[in-house]
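> Submitted below is the structure of interest, expressed as structure tokens.
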Amino acid sequence: MANDEYEKLLREVSTYFTENYNFRNARRIGSGAYATAIAFDEYVPGKQSRKVVVKVALDADSEESIINEDKHLKSVRGAEHIVRLLYPNLLALSHRAIVIEYVEHGHWEDILGRFISGGQRIPNRILWGVFLCLTRAVIGMAWPQHAGANDQPKREQIQKDPPGRLAHQDLSLQNILVGIWKKNDPEHRFSPITKVIDFGNAAVLPPREGLGVITGIADNINEIGRVMLWLAIGHRGYEILDCEVRDGPNLPMRIIQSRAHYDLIDGSISDELRFLIRRCRAVDPKERPKLSDLLKICQNAVRNHTAADYTDLNEPWPQYERDDELDRLIQKFILNADT
Ligand SMILES: Nc1ncnc2c1ncn2[C@@H]1O[C@H](COP(=O)(O)OP(=O)(O)OP(=O)(O)O)[C@@H](O)[C@H]1O
Ligand SMILES: [Mg+2]
Numbered sequence: 391m392a393n394d395e396y397e398k399l400l401r402e403v404s405t406y407f408t409e410n411y412n413f414r415n416a417r418r419i420g421s422g423a424y425a426t427a428i429a430f431d432e433y434v435p436g437k438q439s440r441k442v443v444v445k446v447a448l449d450a451d452s453e454e455s456i457i458n459e460d461k462h463l464k465s466v467r468g469a470e471h472i473v474r475l476l477y478p479n480l481l482a483l484s485h486r487a488i489v490i491e492y493v494e495h496g497h498w499e500d501i502l503g504r505f506i507s508g509g510q511r512i513p514n515r516i517l518w519g520v521f522l523c524l525t526r527a528v529i530g531m532a533w534p535q536h537a538g539a540n541d542q543p544k545r546e547q548i549q550k551d552p553p554g555r556l557a558h559q560d561l562s563l564q565n566i567l568v569g570i571w572k573k574n575d576p577e578h579r580f581s582p583i584t585k586v587i588d589f590g591n592a593a594v595l596p597p598r599e600g601l602g603v604i605t606g607i608a609d610n611i612n613e614i615g616r617v618m619l620w621l622a623i624g625h626r627g628y629e630i631l632d633c634e635v636r637d638g639p640n641l642p643m644r645i646i647q648s649r650a651h652y653d654l655i656d657g658s659i660s661d662e663l664r665f666l667i668r669r670c671r672a673v674d675p676k677e678r679p680k681l682s683d684l685l686k687i688c689q690n691a692v693r694n695h696t697a698a699d700y701t702d703l704n705e706p707w708p709q710y711e712r713d714d715e716l717d718r719l720i721q722k723f724i725l726n727a728d729t
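Under this note's numbering, the residue at position 73 of the sequence shown is numbered 463, and the numbers go up by one with no gaps.
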């Protein structure tokens, strides 16, 4: 979109939300293929102001993607690790739009870029924190809560009833954002919360043969595995490889075909993390881990691992996994950056 066209869009959207919603201070924060994201401050009399994001379709052709996103965000609302829809499906003058919560610390592509320019890999214990957040988001998609816009989001839990088949289908590094850091929460001790955005491409998949109700889950697990692969190796690459995996600490090694990367064989990535990423990326969806196993493994790593679990890793990695070092890296590369 040309600059003057964009300025016009920004003006119109800004006028609409200033007049109808008490929004102020429009600023551009990001654009994709179909939509642009504009941040505002929302002032509600008697309440603290909050930052919100208006996602606007760029043209008539992309309206459909906003309408689709609106529908799916409404269904998954209430999930802690998925961006919250605040005001659904609006028409801001001629532009189709939705309003969602603002997630403050930007997307993982930028954060990964900062680690790399700083000459650092992301430590295992931070990666486990992201893996757990993304696993929770997958649970949130499997059992949509249909909560209200003002309901307090809840931590996603595996339910007894059969899961739905909603698949995000666009879990890229730009579509996972980092929010506030609740250090006192054991699940977020070494990673500020990661939340999934951009449901423009999401769909309830038809049941796939042999997978049935887990069709959507298996697809989402493959995609979060891809994100974890890229965060672990530091670049976006993969190919189909025969890979060694182990399903648990005392189980035998076996070989599966996986969309992984040679760089995952690296002295700074623990065996457990490497095996789990490879299993999520299994070419045969039936080889991917069960959601309950994925949750158990990530939870255990986040809650119970200490730097001592990483002393076998190559230099200079063991000290990078220390609590104080993780705190420092999170501050430096995630929280202090200008977004
Ligand atoms: N809630 C939010 N808080 C902070 N930044 C956001 C938020 N939503 C979007 N952004 C920023 O704007 C960018 C584009 O948003 P988004 O991914 O939703 O649109 P998109 O890529 O155009 O989607 P699509 O192409 O599927 O329509 C994101 O990558 C992110 O940098
Ligand atoms: Mg996007």
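Ideal Cβ positions, reconstructed from N, Cα and C, are used throughout, including at glycine.
1. Spatial neighbours of G615 within its chain, please: C-beta separation below 6 Å, excluding the five flanking residues on both sides.
2. Quick one: measure Cβ to Cβ for V446 and N412, integer angstroms, because I've assumed they're closer than 8 Å.
3. Compute the minimum distance between the beta carbon of Q564 and the heavy atoms of ligand 2, and state whether it is under 7 Å.
4. Quick check: what's the CA-CA separation for A527 versus F665?
5. If you drop the 5 nearest sequence neighbours on each side, which residues of the same chain put their C-beta closer than 7 Å to that of L448?
6. Is N415 near ligand 1, judged by its Cβ being under 7 Å from some heavy atom?
7. Are there 16 or more other CB atoms within 10 angstroms of the CB of Q565, so buried, or fewer, so exposed?
8. Return the bridge partner residues of R418 from the DSSP annotation.
9. Just checking, does the segment 450-459 make contact with the segment 391-410 on the three C-beta pairs under 8 Å criterion?
10. Please state whether DSSP places H471 in a helix, a strand or coil.
11. Once DSSP output is grouped into helix, strand and coil, what is the label at A727?
12. What's the gap between the Cα of M531 and the Cα of D661?
13. Measuring alpha carbon to alpha carbon, tell me which of P552, L601, G600, L524 ends up nearest D568.
14. Is the beta carbon of L681 less than 8 Å from the beta carbon of I529?
15. Say the cut is 7 Å; is the CB of G606 nearer than that to a heavy atom of ligand 2?
16. Do W533 and Q559 have their C-beta atoms closer together than 8 Å?
17. Measuring straight from C-alpha to C-alpha, what distance separates T696 and P596?
18. Kindly list the residues whose CB is nearer than 8 Å to the CB of P576, restricted to its own chain and excluding five residues on each side of it in sequence; keep chain order.
19. Out of I655, L621, A622, state which residue places its alpha-carbon closest to the alpha-carbon of D632.
20. I687 to W518, Cα distance in whole Å?
21. CB E499 to CB R474, shorter than 8 Å?
22. Is there at least one non-hydrogen atom of ligand 2 closer than 7 Å to the beta-carbon of D500?
23. Would the C-beta of L422 count as close to ligand 2, meaning under 7 Å from any of its heavy atoms?
24. So, under 8 Å CB-CB, G600 and P553 are touching, yes? Tell me the CB distance rounded to an integer number of Å.
25. Look up P596 in the DSSP assignment and say whether it is helix, strand or coil.
26. Could you tell me which residues DSSP pairs with G630 in its beta bridges?
27. Within a Cβ cutoff of 7 Å, which residues of the same chain sit near L476, ignoring the five residues on either side of it in sequence?
28. In whole angstroms, what separates the C-alpha of E634 from that of G509?
29. Tell me whether L567, by its Cβ, gets closer than 7 Å to a heavy atom of ligand 1.
Quick look at the numbers:
1. I667, C670, R671
2. Not really, about 18 Å apart at Cβ, beyond 8 Å.
3. yes
4. 21 Å
5. M391, Y424, A425, T426
6. no
7. It is worth fixing the name first, because residue 565 is Asn in this sequence and not Gln. With 16 or more Cβ atoms within 10 Å of its Cβ, N565 is classed as buried.
8. I428
9. no
10. coil
11. coil
12. 28 Å
13. The residue you asked about is not Asp; residue 568 is Val in the sequence shown. Out of P552, L601, G600, L524, L524 has the C-alpha closest to the C-alpha of V568.
14. yes
15. no
16. no
17. 42 Å
18. V692, R693
19. I655
20. 9 Å
21. no
22. no
23. For the sequence presented, residue 422 should be read as Gly rather than Leu. Yes, Cβ of G422 sits closer than 7 Å to a heavy atom of ligand 2.
24. Actually they are not in contact, since the Cβ atoms of G600 and P553 sit about 16 Å apart, beyond 8 Å.
25. coil
26. A small fix is needed here, since residue 630 is Ile in this sequence, not Gly. In the DSSP output, where bridge partners are listed per residue, I630 has R649.
27. V442, V489, I490, E491, A539
28. 29 Å
29. yes
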